[in-house]
Amino acid sequence: MDTKTKHSLYHSAPYSAAGTAMMTFKPINAIHQHLCAFHVYSQDRTRHLEAHHYCAHLSPDFHQCIIYDADSPSARLIGIEYIVSEKLFDALPADEKPLWHSHKYEVESGLLQMHANAHLNGAVTDLAEQPAILEIQRTYGKTIHTWAVDIHPDLPLGPPQLMTSYTGDGQGPPPEMIKARDERSGMDTARKRELRKGYLPPYEKREEADMWEDTKKGIIFEAREVDYIPYPGQQK
Numbered sequence: 001m002d003t004k005t006k007h008s009l010y011h012s013a014p015y016s017a018a019g020t021a022m023m024t025f026k027p028i029n030a031i032h033q034h035l036c037a038f039h040v041y042s043q044d045r046t047r048h049l050e051a052h053h054y055c056a057h058l059s060p061d062f063h064q065c066i067i068y069d070a071d072s073p074s075a076r077l078i079g080i081e082y083i084v085s086e087k088l089f090d091a092l093p094a095d096e097k098p099l100w101h102s103h104k105y106e107v108e109s110g111l112l113q114m115h116a117n118a119h120l121n122g123a124v125t126d127l128a129e130q131p132a133i134l135e136i137q138r139t140y141g142k143t144i145h146t147w148a149v150d151i152h153p154d155l156p157l158g159p160p161q162l163m164t165s166y167t168g169d170g171q172g173p174p175p176e177m178i179k180a181r182d183e184r185s186g187m188d189t190a191r192k193r194e195l196r197k198g199y200l201p202p203y204e205k206r207e208e209a210d211m212w213e214d215t216k217k218g219i220i221f222e223a224r225e226v227d228y229i230p231y232p233g234q235q236k
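Heads up, the sequence shown is in UniProt numbering, so the first residue is 1 and it goes up one at a time.
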């Protein structure tokens, strides 16, 4: 087989199937939770994105999630979120906490939902998600998006972006975005909100989270050149 023919196999279905059979995917296989919510840019609270989180729990206090823009085979990988318990959040350095947001409103409003297989009805998911919802209400997230799909749909251009969440009514996302998500998923955000009022306990989030509320400032990451540390023996 010549080189060109070999190369052409790379994107073929048989080659992909063979790779799936031959390789290991242990970190991916550890994912056991799918959460759907919405994110808003730290520096621009008019830009909202639907975010599908696929999460693994490294410990009861620490979760890590891969974020896609949809729940489909062609979904774009747009970022990551680290989720910590209240205990770990309290232990963070003071200059780190402004990067973190609370999940209290996301949970209580019904915006954050656990997504199940389409054949499971709402009553099943309503019951199945309750342990997770009770847990997430008291957690805090640090979310970095590496692909601004709302302005660069084809390629992940530019520096990473800090994303935040919502802390009250009227902040977003737009009603039509919520409606579209609910119709695709067979869920009802307003009904979730009412249901959760019946079992979620009162909770006051940490004041150090969601610092934009007090500072009225966003946070951006800017790319800049710096002198790097050379490898041993390198002449600079």
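Note that CB positions come from ideal geometry on N, CA and C, so glycine has one too.
Keep in mind that this is a model prediction, so the values were computed, not measured.
Are the beta-carbon atoms of residue i and residue j separated by less than 7 Å?
i, j, result
"Trp-147", "Pro-153", "no"
"His-48", "Pro-173", "yes"
"Gly-79", "Ile-144", "yes"
"Arg-138", "Glu-86", "yes"
"Gly-110", "Thr-189", "yes"
"Tyr-140", "Ser-102", "yes"
"Arg-76", "Val-124", "no"
"Ala-37", "Ala-51", "yes"
"Lys-4", "Tyr-82", "no"
"Pro-131", "Phe-221", "no"
"Ala-56", "Gln-64", "yes"
"Tyr-15", "Lys-104", "no"
If residue i sits next to residue j, beta carbons under 8 Å apart, how far is it from one beta carbon to the other, in whole angstroms?
i, j, result
"Tyr-68", "Met-163", "No, Tyr-68 and Met-163 are not in contact; Cβ-Cβ is about 14 Å, not under 8 Å."
"Lys-192", "Gln-113", "6 Å"
"Ala-209", "Lys-26", "Not a contact, Cβ separation roughly 32 Å."
"His-115", "Asp-71", "7 Å"
"Leu-200", "Glu-108", "6 Å"
"Gln-171", "Arg-45", "7 Å"
"Thr-167", "Glu-213", "6 Å"
"Asp-126", "Leu-195", "6 Å"
For residue i, count neighbouring Cβ atoms within 10 angstroms of its own Cβ and tell me buried if that reaches 16, exposed if not.
i, result
"Lys-205", "buried"
"His-39", "buried"
"Arg-181", "buried"
"Phe-89", "buried"
"Ala-13", "exposed"
"Asp-227", "exposed"
"Ile-229", "exposed"
"Met-23", "exposed"
"Lys-217", "exposed"
"His-11", "exposed"
"residue 276", "The structure shown does not extend to residue 276, since the chain is modelled only from 1 to 236, so the question has no answer here."
"residue 280", "For residue 280 there is no data in the structure shown, the boundaries of the chain being 1 and 236."
"Glu-129", "buried"
"Ile-151", "exposed"
"Ile-28", "exposed"
"Met-211", "buried"
So what's residue i in DSSP terms, helix, strand or just coil?
i, result
"Gln-171", "coil"
"Gly-19", "helix"
"Arg-224", "coil"
"Lys-179", "helix"
"Gln-130", "helix"
"Glu-81", "strand"
"Gly-198", "coil"
"Gly-141", "strand"
"Ile-136", "helix"
"Thr-189", "helix"
"Gln-146", "According to the sequence shown, residue 146 is Thr rather than Gln. In this structure, Thr-146 counts as coil in the three-state DSSP scheme."
Hey, would you say the C-beta of residue i is under 6 Å away from at least one heavy atom of the ligand COA?
i, result
"Gly-233", "Although the ligand COA was asked about, the structure shown includes no ligands whatsoever."
Segments of 4+ residues assigned as alpha helix (DSSP H) that fall wholly inside the segment 86-115: 86-90 and 104-109
Entirely within the segment 4-60 and at least 3 residues each: give me those beta strand (DSSP E) ranges in chain order. 33-41 and 44-59
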